[in-house]
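One line per chain: the protein sequences are A and B, in this order. Residue numbers are given in this note's numbering: position 49 of the first sequence equals residue 274, and the series is strictly consecutive. Residue numbers are given in this note's numbering: position 69 of the second sequence equals residue 294, and the series is strictly consecutive. All C-beta atoms in this analysis are idealised placements derived from N, C-alpha and C, irrespective of residue type, glycine included. Given the structure is predicted, the values throughout are model-derived calculations rather than measurements.
Protein chains: 2
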Amino acid sequence: MEKEKTDKKDHILDVAERVFAEHGFDGASTRLISGEAGVNMAMLNYYFGSKEGLLLAIFERRTTMFHGLIQNIGNTESISSWQKVEMYIEAYINRMFNNNCFQKMLYQELALSRKTEVTDKITQLLMLNITEFRKIIHEGIERGEFGSDLDTDMMIATLFGTKNFLVNTPHVSSLMFGFDMTDQANLDDKLKPRMKNYLTKLLKAYLLHENDNSK
Amino acid sequence: MEKEKTDKKDHILDVAERVFAEHGFDGASTRLISGEAGVNMAMLNYYFGSKEGLLLAIFERRTTMFHGLIQNIGNTESISSWQKVEMYIEAYINRMFNNNCFQKMLYQELALSRKTEVTDKITQLLMLNITEFRKIIHEGIERGEFGSDLDTDMMIATLFGTKNFLVNTPHVSSLMFGFDMTDQANLDDKLKPRMKNYLTKLLKAYLLHENDNSK
DNA sequence: ACTTTTCAATCAATCGTTTGATTAACTTTG
DNA sequence: CAAAGTTAATCAAACGATTGATTGAAAAGT
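Quick look at the structure:
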């Protein structure tokens with residue numbers, strides 16, 4: 226039973242990811258997690274050593290999945306910088322909406338002051354995404370395609386922050402938008418295309434008309 | 226000693242607000258809070274009834290302060306809609322940077338699934354801000370000042386989300402921007418003006434050039 | 001004299017973790 | 001192939017530590 230063991234561990238990780246996202250790390254007790262997963266409480270420590278180890282295991286699993294998905298848009302030569310930005314937005318949103326619970330858990334952990342092994346690894350992972358975006362924008366500026374008075378890092382904060390606000394504060398955003406933001410179907414069918422459309426227009430306006438005072 | 230009592234309660238609220246922001250509600254024990262505040266643990270229950278009551282008291286205090294600050298930009302007739310947006314951004318950022326810990330605490334609470342009295346009140350408070358912004362944008366659209374194909378609610382998510390990302394994930398944003406985001410002096414001197422400048426340009430580009438395909 | 005505030009001590013409950021026994025699965029051996 | 005032996009997985013029970021909260025008495029204030 227080598228296969229089933231992996232399946233069971235994966236199932237625990239799935240459940241724990243969701244429970245951590247819903248209750249936060251401190252608010253999610255090991256009894257709650259094991260109960261939701263339908264396994265004995267001792268199995269968590271048997272498989273992952275500790276609660277912290279469980280968190281780390283969740284992160285490691287997603288990280289290896291992520292690294293397989295990274296596509297170096299920046300190194301492509303044949304397309305315009307704006308097209309690269311469009312591709313980045315598309316890829317970013319697609320990636321984010323596939324790990325809803327994980328993303329939520331991740332930013333809850335980042336909001337706390339404590340520095341742990343997990344916190345550092347999260348930071349490193351985010352910086353990968355950030356570096357990729359920076360490269361695209363700076364190239365666009367050098368090419369003269371974008372204006373020169375751009376705040377690249379602020380754009381990243383906008384990109385990441387807009388998504389986080391919508392997904393991580395579902396009580397508010399559901400009320401704003403008129404549909405349940407905790408329902409994955411709504412996220413995929415309604416929010417996702419709307420976000421792509423909006424963010425593309427927003428960044429396009431900023432990147433291409435930022436120095437334009439004609440109006 | 227009527228005055229000192231209020232002072233001491235206020236001091237506890239100050240400390241608790243910070244500790245909640247740093248550790249989250251579940252991660253902040255009553256012993257830690259009382260220890261940091263330099264008061265006996267039993268004082269928390271004596272003054273606020275329970276840990277939850279303490280959280281509620283923190284919120285109530287800020288709410289009454291907020292309601293005194295609300296200025297109805299929307300109802301002013303003599304200025305352009307764009308000027309109103311500029312005023313809104315200015316007022317929003319000024320307000321946010323005065324309650325750093327509170328804001329952080331607030332969004333940590335919103336990220337959790339549990340629905341409490343506090344959660345509902347937070348939602349109501351945010352909706353006030355949202356409604357005000359909506360009014361300004363819709364007026365601008367009706368006046369023909371802005372394009373008609375705007376996503377107002379997404380703009381709100383951008384406004385709130387950009388700020389949240391910068392302030393609520395200090396580990397990452399400090400690394401991005403090269404200065405310590407947990408230092409209030411840096412926030413006031415460096416981040417605040419940069420954010421105002423950026424958000425103004427970003428929204429201006431989106432509001433005024435959104436339908437422009439000349440480039 | 002009386003009320004309010006403060007405190008150390010303690011409460012029951014819950015926390016993450018460990019234990020030792022039991023069961024299941026696989027390997028070795030006769 | 002089947003019995004014995006070995007390892008891995010699972011479980012109820014309990015561990016010490018910490019949690020939020022309460023107590024009743026002492027201290028301070030009026």
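Please compile the residues from chain A whose C-beta is within a distance smaller than 8 Å of the C-beta of residue i.
i, result
"Y313 of chain B", "By Cβ distance, chain A contributes nothing, its closest Cβ being about 16 Å from Y313 of chain B, past 8 Å."
"L335 of chain B", "N393, T394, H396, V397"
"Y332 of chain B", "A336, N393, T394"
"K276 of chain B", "Neighbours of K276 of chain B on chain A: none; closest Cβ ~13 Å, over 8 Å."
"K233 of chain B", "Those within 8 Å of K233 of chain B in chain A number zero; the least Cβ separation is about 25 Å."
"K415 of chain B", "Result: empty, since nearest Cβ-Cβ is about 12 Å, beyond 8 Å."
For the alpha helix (DSSP H) containing residue i, name the first residue and the last one.
i, result
"N319 of chain B", "306-321"
"L412 of chain B", "L412 of chain B -> no alpha helix (DSSP H), and no H or E assigned at all."
"D408 of chain A", "Here D408 of chain A belongs to no alpha helix (DSSP H), and DSSP marks it neither H nor E."
"T383 of chain B", "377-393"
Applying a beta-carbon distance threshold of less than 7 Å, which residues of chain B neighbour residue i?
i, result
"N389 of chain A", "G386, N389, F390"
"I430 of chain A", "For clarity, residue 430 of chain A is Ala in the given sequence; the question names Ile instead. Near A430 of chain A (Cβ distances below 7 Å), the residues of chain B are A430, Y431, H434, E435."
"L281 of chain A", "Those within 7 Å of L281 of chain A in chain B number zero; the least Cβ separation is about 17 Å."
"M352 of chain A", "L400"
"K421 of chain A", "Those do not exist, as K421 of chain A stays about 11 Å from chain B at its closest Cβ, beyond 7 Å."
"D378 of chain A", "M401, F402"
"T348 of chain A", "H396, V397, L400"
"L257 of chain A", "Under the 7 Å cutoff, chain B gives no residues; its nearest Cβ is about 12 Å from L257 of chain A."
Please confirm whether residue i and residue j have their CB atoms less than 7 Å apart.
i, j, result
"A382 of chain B", "T301 of chain A", "no"
"Q333 of chain A", "A253 of chain B", "no"
"K234 of chain B", "Y271 of chain B", "no"
"A262 of chain B", "I237 of chain B", "yes"
"Y313 of chain B", "F358 of chain B", "yes"
"I318 of chain B", "M406 of chain B", "no"
"N411 of chain A", "F404 of chain A", "yes"
"I362 of chain B", "T377 of chain B", "yes"
"K417 of chain A", "F322 of chain A", "yes"
"F390 of chain B", "F385 of chain A", "yes"
"A455 of chain A", "L279 of chain A", "Because chain A is modelled from 226 through 440, residue 455 of chain A falls outside the range shown and cannot be assessed."
"V397 of chain A", "L427 of chain B", "no"
"T255 of chain A", "M268 of chain A", "no"
"Y423 of chain A", "M401 of chain B", "no"
Residues of chain A with CB closer than 9 Å to the CB of residue i, please, in chain order.
i, result
"H248 of chain B", "D251, L337, S338, R339"
"I355 of chain B", "V397, L400, M401"
"I361 of chain B", "Going along chain A, no residue has its Cβ under 9 Å from I361 of chain B, so there is no contact; the nearest lies around 16 Å."
"L238 of chain B", "The contacting residues do not exist; L238 of chain B stays about 19 Å from chain A at best."
Give the residues of chain A in contact with residue i, contact being defined as C-beta atoms less than 7 Å apart.
i, result
"T368 of chain B", "First, the amino acid is wrong: residue 368 of chain B is Arg here, not Thr. Here the premise fails: no neighbours, minimum Cβ distance about 14 Å."
"T344 of chain B", "H396"
"L269 of chain B", "Here the premise fails: no neighbours, minimum Cβ distance about 18 Å."
"L412 of chain B", "Simply none; closest approach about 14 Å."
Using a Cβ cut-off of 8 Å, pull out every chain B residue sitting near residue i, in sequence order please.
i, result
"I381 of chain A", "M401"
"K309 of chain A", "By Cβ distance, chain B contributes nothing, its closest Cβ being about 17 Å from K309 of chain A, past 8 Å."
If the cut is a Cβ gap below 9 Å, which residues of chain B does residue i touch?
i, result
"K329 of chain A", "A336"
Could you check whether the Cβ of residue i sits closer than 6 Å to any heavy atom belonging to the ligand MG?
i, result
"S305 of chain B", "As presented, the structure is devoid of all ligands, the ligand MG included, so that no description of it is given."
May I have a chain-ordered list of the alpha helix (DSSP H) segments no shorter than 4 residues that lie completely inside the region 323-373 of chain A? 325-336, 342-367
Cβ contact (3+ pairs, closer than 8 Å) linking the region 242-261 of chain B and the region 319-330 of chain B: yes
Does the count of Cβ pairs from the region 339-346 of chain B and the region 342-353 of chain A closer than 8 Å reach three? Under the Cβ criterion (8 Å, minimum of three pairs), the region 339-346 of chain B does not count as touching the region 342-353 of chain A.
Output the residue ranges of the alpha helix (DSSP H) runs that lie fully inside the region 232-298 of chain B and measure 4 residues or longer, sorted by chain position. 255-262, 266-273, 276-294
For the pair the region 357-374 of chain B and the region 275-284 of chain A, tell me if three or more CB-CB distances fall below 8 Å. no
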